[in-house]
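J.: So for the sequence shown, the numbering used here puts the first residue at 60; every next one is plus one.
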Amino acid sequence: MIKLKIAFIGAGSIVFGEDVLTDLLTFPSIQKDAII
60 MIKLKIAFIG AGSIVFGEDV LTDLLTFPSI QKDAII
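Spelled out as structure tokens, the structure:
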């Protein structure tokens, strides 16, 4: 099993960071293992 790590460093703005995170969490494979 491949572990995926995603880090946001200076995402630009809060809204942009939230939108990207929301889009990523729409994938079931990421959603079930997400730690926020």
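Quick reminder that beta carbons are idealized off the backbone N, C-alpha and C, glycines included.
1) Please state whether DSSP places SER72 in a helix, a strand or coil.
2) May I ask you to report which of helix, strand or coil DSSP gives LEU80?
3) Looking only at its chain, what residues have a beta carbon closer than 8 Å to the beta carbon of ILE65, apart from the 5 residues adjacent to it on each side?
4) Identify, in the order they occur along the chain, each residue of the same chain with its Cβ nearer than 7 Å to the Cβ of ALA93, setting aside the five sequence neighbours on each side.
T.: Let me spell this out:
1) Residue state, collapsed to three classes: coil.
2) helix
3) LEU83
4) Same-chain partners within the cutoff: LEU84.
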